[in-house]
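Asker: Residue numbers (my numbering): 1359 to 1465. To start, I am sharing the structure in question, which I have written as structure tokens.
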Amino acid sequence: MALVCIIPCTHWINGWFLRLFSVPVISIDAVEHTGVWGKSSSFEIADPSSRISVGARYRGSSQVLGRLELQLQLEQVESMTLRARNGLLNHEPFKLSVISQECGNPH
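Below you can see the structure in the form of structure tokens.
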């Protein structure tokens, strides 16, 4: 089992808009979890090939926008931190990148 931390972040140009009008949605194997912009959310993941995506849900809407799915390869990993950042334009998908082999909210 691996511990994975995911930090949903916004692009510096349009971040004010997303932080004001939407909430981040973290999906792990099609199960949705609400996140907080700029804060780490921790998940224990049993399946080493889990699928993760991050997107934004605008207040009052049920649709999650900007999702781009990533299949993890966690066979040799005990923990990691991923950063999900949206693109310059609101319609661009969130990109996931590994920022640490430790789980947490790095400074």
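Heads up, the beta-carbon is just placed ideally off N, CA and C, and yes, glycines get one too. Just so you know, these numbers come straight off a predicted model, no measurement behind them.
Return the residue from the list 1393, 1387, 1458 and 1442 that minimises the CA-CA distance to residue 1407.
Answerer: Nearest of 1393, 1387, 1458 and 1442 to residue 1407, Cα basis: 1387.
Asker: Compare the beta carbon distance of residue 1383 and residue 1422 with 8 angstroms and say whether it is the shorter of the two.
Answerer: In this structure, residue 1422 lies closer than 8 angstroms to residue 1383 by Cβ.
Asker: For the alpha helix (DSSP H) that residue 1375 lies in, which residues bound it at each end?
Answerer: Per DSSP, residue 1375 belongs to the alpha helix (DSSP H) from 1373 to 1379.
Asker: Which value, in whole angstroms, describes the spacing of the CA atoms of residue 1402 and residue 1441?
Answerer: Distance between the alpha carbons of residue 1402 and residue 1441 is about 17 angstroms.
Asker: What are the start and end residues of each continuous beta strand (DSSP E) run of 3 or more residues lying completely inside the region 1405 to 1435, in chain order?
Answerer: Here the runs fully enclosed are 1409 to 1416.
Asker: Can you tell which of 1419, 1451 and 1370 has its C-alpha closest to the C-alpha of residue 1426?
Answerer: The candidate whose alpha carbon is nearest that of residue 1426 is 1451.
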